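In the UniProt record's numbering, the protein residues as written are 1 to 364. Think of the CB as a built atom: it goes at the ideal place given N, C-alpha and C, for glycine as much as any other residue. Because the structure is a prediction, the values reported are computed rather than measured. Here is the structure we will look at.
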């Protein structure tokens with residue numbers, strides 16, 4: 001129904017009253033409130049400092065390692081990568097050097113670290129041994145071998161140090177990935193990391209293939225750890241710069257292959273330099289390099305820093321130089337004049353340092 005176009009007398013009277021009130025109000029406006037004085041601009045706050053990367057050094061499972069994991073755990077190192085489990089007789093896992101999984105001295109070291117608040121990540125493979133997947137051709141049997149080690153040490157974290165001839169074995173890569181997918185389903189919360197070779201321009205093609213094989217089988221990797229070391233005789237420049245370059249390029253590749261955000265790819269990344277004199281003659285990772293890498297890692301949000309190895313974080317003594325087995329250096333330019341021992345040594349860094357100095361530098 002439409003309203004009438006004509007106004008009634010009451011309506012007209014009402015309109016007049018309203019108009020009168022409006023005129024009165026226009027002549028009696030209150031003075032506006034004075035504006036409050038503007039607040040002084042807030043001083044800009046400096047950006048919050050980023051947390052340092054978690055420090056997880058490699059430790060040898062040798063009975064005469066000499067590295068005290070319990071003492072390190074007490075001073076704040078909460079995880080150690082213990083290596084290396086390799087293939088013994090066929091698909092039987094043993095420690096590199098033939099040490100049985102039943103070694104009581106190693107049990108005591110692991111238990112001591114745990115009592116002090118630390119834990120171990122068991123690493124399979126390494127540069128010298130044979131990783132189980134290269135000789136175990138049956139996937140369920142391979143998974144059983146991995147599970148045996150996990151359960152023997154009640155481990156929640158495992159690592160695969162993939163290098164040397166085994167790195168290029170694509171069939172072994174597929175078997176390993178299938179076996180890891182199996183045990184990740186049967187061992188809830190199992191944390192798996194891959195340790196892979198890298199160059200200053202990033203992950204090698206063989207390293208990328210390992211990531212792709214794991215992704216194809218649905219393996220969830222917590223960490224992709226790059227070995228920032230032993231590049232070649234052509235890389236005799238600043239090893240700290242090389243580590244930063246390698247990390248930057250590797251992060252981009254991880255982001256692409258695993259389909260991660262920028263921040264997530266930095267968090268998944270870990271970097272492991274070989275402290276001191278490297279196996280390639282002319283390559284030396286210094287304490288200054290370690291400090292620079294720690295700053296870079298904190299700035300980018302890198303998940304972990306490590307070092308090869310905890311036993312080497314001390315200066316060489318004449319006795320060490322005479323008795324310890326040196327690693328075999330490869331060809332390159334002459335070693336730096338600052339080195340105490342230009343032959344890379346398994347027991348000391350070969351540079352002038354205090355014991356534990358690389359740990360302190362990498363922890364930031």
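Residue environment, residue i, which counts as buried when at least 16 other CB atoms sit within 10 Å
i, result
"residue 21", "Confidence at residue 21 is low in this model, with a pLDDT of 34, below 50, so the placement of that residue is unreliable and no value is reported for it."
"residue 111", "exposed"
"residue 51", "exposed"
"residue 32", "Residue placement at residue 32 is poorly supported in this model, since its pLDDT is 42, which falls under 50; the coordinates still yield a value, given next. Burial call: exposed."
"residue 348", "buried"
"residue 170", "exposed"
"residue 134", "buried"
"residue 63", "exposed"
"residue 140", "exposed"
Member of the options whose CA lies at the smallest distance from the CA of residue i
i, options, result
"residue 60", "52, 125, 148", "125"
"residue 243", "192, 306, 189", "306"
"residue 196", "181, 184, 221, 104", "221"
"residue 89", "83, 82, 98, 81", "98"
"residue 227", "233, 253, 139, 194", "194"
"residue 265", "254, 272, 271", "254"
"residue 56", "283, 270, 204", "270"
"residue 315", "358, 151, 82, 79", "358"
"residue 183", "149, 259, 274", "149"
"residue 76", "118, 247, 310, 65", "118"
"residue 282", "129, 67, 213, 231", "231"
Cβ-Cβ distance between residue i and residue j below 9 Å
i, j, result
"residue 312", "residue 286", "no"
"residue 343", "residue 321", "yes"
"residue 216", "residue 276", "no"
"residue 294", "residue 364", "yes"
"residue 189", "residue 156", "yes"
"residue 192", "residue 180", "yes"
"residue 209", "residue 173", "yes"
"residue 167", "residue 206", "yes"
Alpha carbon of residue i to alpha carbon of residue j, nearest angstrom
i, j, result
"residue 58", "residue 86", "16 Å"
"residue 362", "residue 291", "6 Å"
"residue 160", "residue 200", "21 Å"
"residue 71", "residue 261", "37 Å"
"residue 136", "residue 175", "8 Å"
"residue 107", "residue 96", "16 Å"
"residue 225", "residue 319", "33 Å"
"residue 303", "residue 267", "4 Å"
"residue 101", "residue 73", "23 Å"
"residue 92", "residue 237", "42 Å"
"residue 131", "residue 278", "23 Å"
"residue 308", "residue 163", "14 Å"
"residue 127", "residue 145", "20 Å"
"residue 218", "residue 360", "37 Å"
"residue 114", "residue 245", "35 Å"
"residue 296", "residue 240", "10 Å"
"residue 116", "residue 234", "43 Å"
"residue 109", "residue 80", "11 Å"
"residue 123", "residue 147", "13 Å"
Residue i CB to nearest heavy atom of the ligand NAP below 8 Å
i, result
"residue 60", "Absence of the ligand NAP is noted for the structure shown, with no ligands found whatsoever."
Can you give, in chain order, each stretch of the beta strand (DSSP E) that sits fully within the segment 133-192 and has at least 3 residues?
If only uninterrupted beta strand (DSSP E) runs of at least 3 residues are considered, those enclosed by the segment 133-192 are 157-161.
Mind listing, in chain order, the continuous alpha helix (DSSP H) runs of no fewer than 4 residues lying wholly within the segment 229-287?
Fully enclosed alpha helix (DSSP H) runs of 4 or longer: 239-258, 262-268.
Which parts of the segment 68-115 are runs of the alpha helix (DSSP H), unbroken and 4 residues or longer, counting only runs that do not cross its ends?
69-74, 104-115
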